[in-house]
Ligand code: GLU
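Next up, the structure:
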C-alpha cells in the first residue's frame, strides 16, 4: 500500500498502466521470419560513417526478410541535440539507398503504429512503466548526491570491490516507502533506480549474432532508470522502446555489448519478449603500427559529409561498407558484375567479430570499379552535379564543352576492360585538365619519359609536328608513329632495345611519351591518339609549338 502511495507521489499524473501500452502495441502481423530492426541515432548533428554502417546492416537484415526497418530518434540527452539533425539524418539515409518503413519522417512528423518514435515524446510511457516498477518494489527513488556517490566509489576502489550502486552500498534501496515519501516532501531531489535482483556470482550466457558466445556476471547494479531531468537512461529507454516497438533484432555498436546483462535483465523484469542482439564491431583505422577507432576529431573520413564533398558515388560507399560487413561481398561482386547490390544477402554470422578496418585505398578500388561501369553520359551528369557544388570552375568548363566531355568520359570505356581513372569526382580535374587551355596553360608539371631529356623531347616534337596525321584509325596512327620513331633512332619495341641498347636512343614508347608530355603534360593518360583526336589537329599543333618554345 505504501509503495503504491510512493509511486503516486512520484508520478501523480500517470494514470495509465503498462497493460494499456501492451494492448496499444500488439504483436506485429508479419510473415514468418520477417525481422524488425531499427536505426536509433541521437540527433547530435554529426553523422559518423559508423552510423551509415550500422543503418545499412539493419536495413539489409530487415528488408532481406520482408521485415520492418524503422527510425527512432534517441534525444534523451537534450544538451547534445542539434536543430535540423533529424531531417538531415533521414535525407542521408534515403540518399544512401535506404528507406524507413516507420518512424520519424521529419523533425516533428512520423509514420507507423508503434510511436511516438522520438524518445522525448515518450516520457509518459517511461513513467508509466517506472511507476509500475515502484509499485512492485522493483524500482525506487535514490536521493544520493554526486558527492555521496563519489565517496562510495572511492571506498569501493580502496577495498577492491566492484564499483557502483549495489548491495550494501545502495543505501537508498533500503529506505522504507515512508522514509522516501518524507524526503520527497522535504524537497530532496532524486532519480529512479532499478532494484536489481541480479547476483554478480551468477553468469549470463548469451549467443550474440555477430560476436558468438559471450558470458557475463549477472547485473547486480541498481542502474538509473530515470535521470534527474525526468528522462530515461539509454538502458531503460532501450528496453521499453524495443520491447513495445517489437524490435526482433537489436543490431548496434559493440560499445553496448558490456551492457547486455542489464538489458536482458530489464526485458525480463518488464516481461517483454527479448529481442535477438547483434553487436557490430567498431570501425577502426590503421594508424602506423596500431589500429584505432575512426575519430570524429582526427579523421575527416569519419564524417558522412566527407564522401559527398570528395565526390564518392553513394553506391561506392555502400559497396565498400558491404565489403566490410561481409568479406564474401567482393567475390559475389566479381561473379555478378551487373547485379544490384541489394541482391547480395548480408549475413551477420559471416561478419568479422573484431574491429572492422576502414581503408580508403580499398574504398578507392571499389569506387573505381563502380565508376568504370557507369555510362559516359551518366558520368557526365553525376560529375556536373558534384562540380556545381564543389568545383565551380570545372563545372563551367565541362558544361560549356558538353559534347567533348562526354567523349572524354567515354575514352576506353566500352571495351571489356574499361579504364579506372576515377575513384571520386574530385579526381576528374587532374585527369582531364589538359582538355582545357585555361587549366593546361597554368600547369607546370611536365612529365618527360625517364629515358630522354627536355632537349630530346623538343627535337622529337619538332619533327613529329610536321609529319603526324589524325586521319586514320588508331592503329594506323601508331604505325606511323613507329616509322617516325625509327627514323629518329628509336627501337620499335622493348625487346630490340634491351638487346642492343647502345644502338638506340630509346624505344618508341619514349617518343610517344614525348608527344604525351607535349599534349597533356602527363606520362599516364588514356589512349593518346584518342586524346589528340578529341582535341583536334589545330589544338595539337598549337600545343606542339608551345612545347618547343
Ligand atoms: N542512440 C544509441 C547510439 O547512438 C543507439 C544504440 C542502439 O542502436 O541501441 O549509440
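Numbering (our numbering), first residue to last: 2 to 550. Quick reminder that beta carbons are idealized off the backbone N, C-alpha and C, glycines included.
Backbone CA spacing between residue i and residue j [nearest angstrom]
i           : j           : result
residue 181 : residue 6   : 11 Å
residue 55  : residue 207 : 21 Å
residue 221 : residue 199 : 4 Å
residue 403 : residue 409 : 10 Å
residue 352 : residue 35  : 20 Å
residue 125 : residue 15  : 7 Å
residue 154 : residue 71  : 39 Å
residue 235 : residue 246 : 15 Å
residue 151 : residue 160 : 14 Å
residue 313 : residue 448 : 28 Å
residue 340 : residue 411 : 22 Å
residue 230 : residue 116 : 22 Å
residue 122 : residue 75  : 10 Å
residue 261 : residue 401 : 59 Å
residue 292 : residue 323 : 20 Å
residue 219 : residue 196 : 13 Å
residue 215 : residue 201 : 16 Å
residue 450 : residue 515 : 7 Å
residue 41  : residue 439 : 49 Å
residue 237 : residue 22  : 16 Å
residue 349 : residue 252 : 9 Å
residue 86  : residue 256 : 23 Å
residue 443 : residue 39  : 52 Å
residue 494 : residue 510 : 8 Å
residue 504 : residue 437 : 39 Å
residue 24  : residue 50  : 38 Å
residue 388 : residue 405 : 17 Å
Cβ-Cβ distance between residue i and residue j below 8 Å
i           : j           : result
residue 368 : residue 458 : no
residue 541 : residue 435 : no
residue 385 : residue 357 : no
residue 304 : residue 120 : no
residue 194 : residue 166 : yes
residue 241 : residue 381 : no
residue 316 : residue 371 : yes
residue 471 : residue 547 : no
residue 69  : residue 45  : no
residue 8   : residue 135 : yes
residue 277 : residue 210 : yes
residue 53  : residue 185 : no
residue 113 : residue 107 : no
residue 421 : residue 373 : yes
residue 528 : residue 475 : yes
residue 37  : residue 275 : no
residue 302 : residue 375 : no
residue 99  : residue 31  : no
Whole-number beta carbon distance between residue j and residue i, since they are thought to touch under 8 Å
i           : j           : result
residue 363 : residue 321 : 7 Å
residue 279 : residue 239 : No, residue 279 and residue 239 are not in contact; Cβ-Cβ is about 14 Å, not under 8 Å.
residue 258 : residue 212 : 7 Å
residue 179 : residue 3   : 6 Å
residue 43  : residue 81  : 6 Å
residue 129 : residue 18  : 7 Å
Pick from the options that is closest to residue i, judged by C-alpha positions
i           : options            : result
residue 354 : 333, 195, 328, 337 : 328
residue 269 : 243, 256, 76       : 243
residue 110 : 463, 35, 88, 549   : 88
residue 464 : 214, 441, 486, 148 : 486
residue 232 : 462, 544, 79       : 79
residue 482 : 407, 41, 508, 405  : 508
residue 461 : 446, 488, 442, 477 : 488
residue 139 : 191, 86, 224       : 224
residue 530 : 86, 477, 544, 273  : 477
residue 59  : 33, 96, 131, 254   : 254
residue 378 : 407, 394, 396      : 407
residue 285 : 359, 452, 176      : 359
residue 66  : 440, 135, 105, 346 : 346
residue 526 : 413, 438, 469      : 413
residue 491 : 512, 474, 480      : 512
residue 545 : 523, 535, 534, 517 : 517
residue 97  : 210, 342, 263      : 342
residue 131 : 168, 297, 144, 271 : 271
residue 228 : 104, 264, 145      : 145
residue 394 : 453, 416, 427, 421 : 427
residue 522 : 437, 441, 173      : 441
residue 344 : 32, 37, 64, 31     : 64
residue 149 : 173, 506, 141      : 173
residue 365 : 332, 318, 137, 283 : 318
Near ligand 2: residue i beta-carbon under 7 Å from a heavy atom
i           : result
residue 414 : No copy of ligand 2 appears in this structure; the ligands present are ligand 1.
> Just the residues with CB closer than 5 Å to a heavy atom of ligand 1, in chain order, which are they?
Replying inline: Counting every residue whose Cβ lies closer than 5 Å to a heavy atom of ligand 1, we get 41, 43, 75, 253.
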